[in-house]
Structure formats: C-alpha cells, structure tokens
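Below: one structure, written as structure tokens.
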Amino acid sequence: MATPVETGHAGAREGYWHGMTDVVDSDELLRRLQRARACAQQEERVWRDRREDLGAADPDPARDAVVRALAYETVVRVLDEILTPGKHDEPG
Numbered sequence: 462m463a464t465p466v467e468t469g470h471a472g473a474r475e476g477y478w479h480g481m482t483d484v485v486d487s488d489e490l491l492r493r494l495q496r497a498r499a500c501a502q503q504e505e506r507v508w509r510d511r512r513e514d515l516g517a518a519d520p521d522p523a524r525d526a527v528v529r530a531l532a533y534e535t536v537v538r539v540l541d542e543i544l545t546p547g548k549h550d551e552p553g
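Residue numbers (our numbering): 462 to 553.
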C-alpha cells in the first residue's frame, strides 16, 4: 500500500468541504475557483517533478505520479473552462 506524499498544499489532507458551506457572492466564488486552479497547477507541477525524479528506476511510483499529474492537469483545464470559457477551444 502506498504511503501518502506530503506536498505542502494546505487543503490536500482535509479537503475544502468545511469552508464551502457558507453562502458566498459571485466575487468570492470567483476567488475560490481561482485559488483552486492555482492549487491544482501547483500539484500538477509537484507530480510532474516527482515523475521526472523517479523515472525508469522506480516504475510503479513513477506511473502513479503520471496518473496524478494528468488528473491535476484535467482539473486545471476544467477550471480554466469555468473561469475563461473557450480558452482551450480549437480553431475551425
């Protein structure tokens, strides 16, 4: 069983649910989405760096790092689409 990796991300262990029960205005919602995007970008970089550090010498953890990096990349793309619709649209 894999041990959790500490990334330094404040919400990584406890999640965000405790702070998301308040009624918020659109500006606060936008700030929270932007903060979530920044955190996802940071985590994506951490896992990509970890993958590069592990390389072929340690294939199972490296594969896990690839999957996690791709997951965070997907989160960033979804949040980008929410925050800036059409940013990733292909021309034509």
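Glycine included, every Cβ here is placed at the ideal spot set by N, Cα and C. Just so you know, these numbers come straight off a predicted model, no measurement behind them.
Rounded C-alpha distance that separates residue i from residue j
i    : j    : result
L540 : Q495 : 8 angstroms
E534 : V484 : 28 angstroms
K548 : S487 : 21 angstroms
A463 : V537 : For A463, the predicted structure reports a pLDDT of 49, less than 50, and the residue's modelled location is therefore unreliable. The matter cannot be settled from this model.
E489 : D550 : 27 angstroms
R493 : D521 : 34 angstroms
L491 : E542 : 13 angstroms
A497 : P546 : 17 angstroms
Under 8 angstroms between C-beta atoms of residue i and residue j
i    : j    : result
A523 : R512 : yes
L544 : A526 : no
Residue burial classification, residue i (beta-carbon count within 10 angstroms, cutoff 16)
i    : result
A555 : Lying outside 462 to 553, the shown extent of the chain, residue 555 is not represented and no answer is given.
A518 : exposed
* Asked: Should the stretch 503 to 519 be called in touch with the stretch 530 to 544, which here means at least 3 C-beta pairs below 8 angstroms?
  -> yes
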